[in-house]
Amino acid sequence: MALKLIIDTDPGIDDAMAIFYAIAAPEIDLLGLTTVFGNVTTAKATRNALYLLEQAGIEIPVAEGLHRPRVLPAFPPSSAVHGAEGFGTLTVPAPRRHALAETAPEYLVRMAREHRGELVLCPIGPLTNIAAAMELDPSFCSNLKGMVVMGGSLRAGGNITPAAEANFYHDPHAADYVLRHGCHITLVGLDVTNRVICPRSFFADLASESPKMGGLLHVMADFYIDFYETVGKFSGCGMHDPSALVACLAPELFTTEPHVLRVTCAGDRSGEMITKTSANAQPVNVCTDVQAEAVKQNFFKIVAKLS
Ligand code: BDR
Ligand code: CA
Numbered sequence: 000m001a002l003k004l005i006i007d008t009d010p011g012i013d014d015a016m017a018i019f020y021a022i023a024a025p026e027i028d029l030l031g032l033t034t035v036f037g038n039v040t041t042a043k044a045t046r047n048a049l050y051l052l053e054q055a056g057i058e059i060p061v062a063e064g065l066h067r068p069r070v071l072p073a074f075p076p077s078s079a080v081h082g083a084e085g086f087g088t089l090t091v092p093a094p095r096r097h098a099l100a101e102t103a104p105e106y107l108v109r110m111a112r113e114h115r116g117e118l119v120l121c122p123i124g125p126l127t128n129i130a131a132a133m134e135l136d137p138s139f140c141s142n143l144k145g146m147v148v149m150g151g152s153l154r155a156g157g158n159i160t161p162a163a164e165a166n167f168y169h170d171p172h173a174a175d176y177v178l179r180h181g182c183h184i185t186l187v188g189l190d191v192t193n194r195v196i197c198p199r200s201f202f203a204d205l206a207s208e209s210p211k212m213g214g215l216l217h218v219m220a221d222f223y224i225d226f227y228e229t230v231g232k233f234s235g236c237g238m239h240d241p242s243a244l245v246a247c248l249a250p251e252l253f254t255t256e257p258h259v260l261r262v263t264c265a266g267d268r269s270g271e272m273i274t275k276t277s278a279n280a281q282p283v284n285v286c287t288d289v290q291a292e293a294v295k296q297n298f299f300k301i302v303a304k305l306s
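Throughout the sequence shown, residue numbering follows numbering that gives the first Met the number 0, covering 0 to 306 in sequence.
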């Protein structure tokens, strides 16, 4: 039976890659998308999520999420990384469909109840909606099958500040709340996603296999790779969000360590993930190593099936 999945997302170029992977994978039953700020504002994230679904020709629900972090004031979106509209140089027309009347936390709570024990949640943006869903329904976590989160960094340092990974940095209080309260979490952070690097030729090859959808990713990836090259870190782009999706289907490609985790919520190390020793707290499975070539091949093989 296919894996029932909801993605909480701030699309975002690597979010688009992750969403197309989930749409293309026959082993995933993508039930819906929920949106959050981060790479763009929440309103643009909703528009972009609807646009991606429209391009793929599928009509699953999109629930719009919260518009600002739990405690901190709103951050400006990461337009240097993802472009002003979220998809590099691509212009994004107004979609035909609309988001649900329900908010993202309400939708998540309802879906977790309706699919008790079967639903996997894959957050690939700041964890604001997830913390709100946990507060809304104390049984939210126990209703889920599990959660695979893209965020944080155990030993790889940060990508938005020297200490912090971007998703945790954009709402450290939400990240700390979610990690503190547990939820059968697998954490796919920079320790592994910084090692899954795809060059321009990867997306050119994808576009020849899949002219429409792979072609869109090819255009977006050009902007994303330009950014990575400016920063001088990699030759290619980090496959952050797609790696989390691959981890949902192929966990055997990742090595994990159990850790009790917290997130620093103030000061110049805000958003940093830290380990604690506590016998009572629920540990998180942190991905510490990855078979990077196999993850890339898995992603390519599945997304290449799209039109
Ligand atoms: C994360 O931050 C965002 O820019 C990406 O979409 C990804 O979710 C990587 O740190
Ligand atoms: Ca993201």
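All C-beta atoms, glycine included, are put in the ideal place defined by N, C-alpha and C.
Practice item. Would you kindly check if the distance between the Cβ of Met-133 and the Cβ of His-239 is under 8 Å? Key: Here residue 239 corresponds to residue number 240 of the sequence shown, with the count starting at 1. Here residue 133 corresponds to residue number 134 of the sequence shown, with the count starting at 1. Contact flag unset, no.
Check your understanding: What residue does the beta strand (DSSP E) around Met-146 start on, and which one ends it?
Key -> Numbered from its first residue, the sequence shown carries residue 146 at position 147. It spans 145-149 - the beta strand (DSSP E) in which Met-146 sits, taken as one unbroken run.
Check your understanding: Are Pro-360 and Pro-72 touching if we call contact CB-CB under 8 Å?
Key -> There is simply no residue 360 to check, as the chain begins at 0 and stops at 306 in what is shown.
Check your understanding: Any heavy atom of ligand 2 closer than 7 Å to the CB of Thr-192?
Key -> To locate residue 192, count along the sequence shown from 1; it is residue 193. No, the Cβ of Thr-192 stays beyond 7 Å of every heavy atom of ligand 2.
Practice item. With a threshold of 16 other CB atoms inside 10 Å of the CB of Pro-75, please say whether the residue is buried or exposed. Key: Counting from 1 along the sequence shown, the entry for residue 75 is found at position 76. Pro-75 should be labelled exposed.
Practice item. Could you tell me which residues DSSP puts in a beta bridge with Cys-264? Key: Against the sequence shown, residue 264 aligns to sequence position 265. Note: Cys-264 sits in no beta bridge, so no partner.
Exercise for review: Could you please give me the residues that DSSP links to Ile-196 through a beta bridge?
Suggested key: Working through the sequence shown from its first residue, we reach residue 196 at position 197. Paired residues: Gly-237.
**Study point:** Near ligand 1: Ile-196 beta-carbon under 7 Å from a heavy atom
**Key:** Residue mapping note: residue 196 aligns to position 197 of the sequence shown, counting from 1. Incorrect: Ile-196 has no Cβ contact closer than 7 Å to ligand 1.
Review point. Is Gly-87 near ligand 1, in the sense that its beta carbon is under 7 Å from a heavy atom of that ligand?
Key: Within the sequence shown, residue 87 is the residue found at index 88, counting from 1. No, ligand 1 has no heavy atom inside 7 Å of this Cβ.
Check your understanding: Does the Cβ-Cβ distance between Val-147 and Ala-246 come in under 8 Å?
Key -> As a position in the sequence shown, residue 147 is number 148, starting the count at 1. As a position in the sequence shown, residue 246 is number 247, starting the count at 1. Going by C-beta atoms, Val-147 is nearer than 8 Å to Ala-246.
Review point. Near Val-259, which residues of its chain fall below 8 Å by C-beta distance, leaving aside the five closest residues on each side in sequence?
Key: Taking the first residue of the sequence shown as position 1, residue 259 is located at position 260. Here the set comprises Thr-274, Lys-275, Thr-276, Ser-277, Ala-280, Gln-281, Pro-282, Val-283.
Practice item. Grab the span of the beta strand (DSSP E) containing Met-309 for me, first residue to last. Key: Outside the displayed range of the chain (0 to 306) lies residue 309, so it cannot be described from this structure.
Review point. Does the beta carbon of Gly-11 fall short of 7 Å from some heavy atom of ligand 2?
Key: By one-based count along the sequence shown, residue 11 stands at place 12. Yes, ligand 2 has a heavy atom inside 7 Å of this Cβ.
Practice item. Go through the segment 203-262 residue by residue and report every complete run of the alpha helix (DSSP H) that reaches 4 residues or more, in order. Key: 212-230, 239-248
Check your understanding: CB of Ser-78 to nearest heavy atom of ligand 1: below 7 Å?
Key -> The sequence position of residue 78 within the sequence shown is 79, counting from 1. Every heavy atom of ligand 1 is 7 Å or more from the Cβ of Ser-78, so no.
Practice item. Pick out whichever of Asn-166, Thr-8, Val-195 has its Cα sitting closest to the Cα of Asp-288. Key: Locating residue 288 in the sequence shown gives position 289, counting from the first residue. Taking only the C-alpha atoms, the option nearest Asp-288 is Val-195.
Point to revise | heavy atom of ligand 1 below 7 Å from Gly-235 C-beta | key: Taking the first residue of the sequence shown as 1, we reach residue 235 at position 236. Answer for Gly-235: no, Cβ out of range of ligand 1.
Check your understanding: Are the segment 175-192 and the segment 205-220 in contact at 8 Å, needing three or more beta carbon pairs?
Key -> no
Review point. Secondary structure at Cys-182, three-state DSSP: helix, strand or coil?
Key: What you label residue 182 is simply residue 183 of the sequence shown in a count that begins at 1. Per DSSP, reduced to three states, the secondary structure at Cys-182 is coil, with no helix or strand assignment.
Review point. Between Thr-45 and ligand 2, is the CB less than 7 Å from at least one heavy atom?
Key: Within the sequence shown, the letter at position 46 stands for residue 45. The answer is no for Thr-45.
Point to revise | Closest by C-alpha distance to Leu-49, when choosing among Leu-153, Lys-3, Ile-18 | key: The residue labelled residue 49 in the question sits at position 50 within the sequence shown. Nearest option by C-alpha distance: Ile-18.
**Study point:** Residue from Ala-165, Cys-286, Phe-222 whose Cα sits closest to the Cα of Thr-185
**Key:** Against the sequence shown, residue 185 aligns to sequence position 186. A check of alpha carbon separations from Thr-185 across Ala-165, Cys-286, Phe-222 identifies Cys-286 as the nearest.
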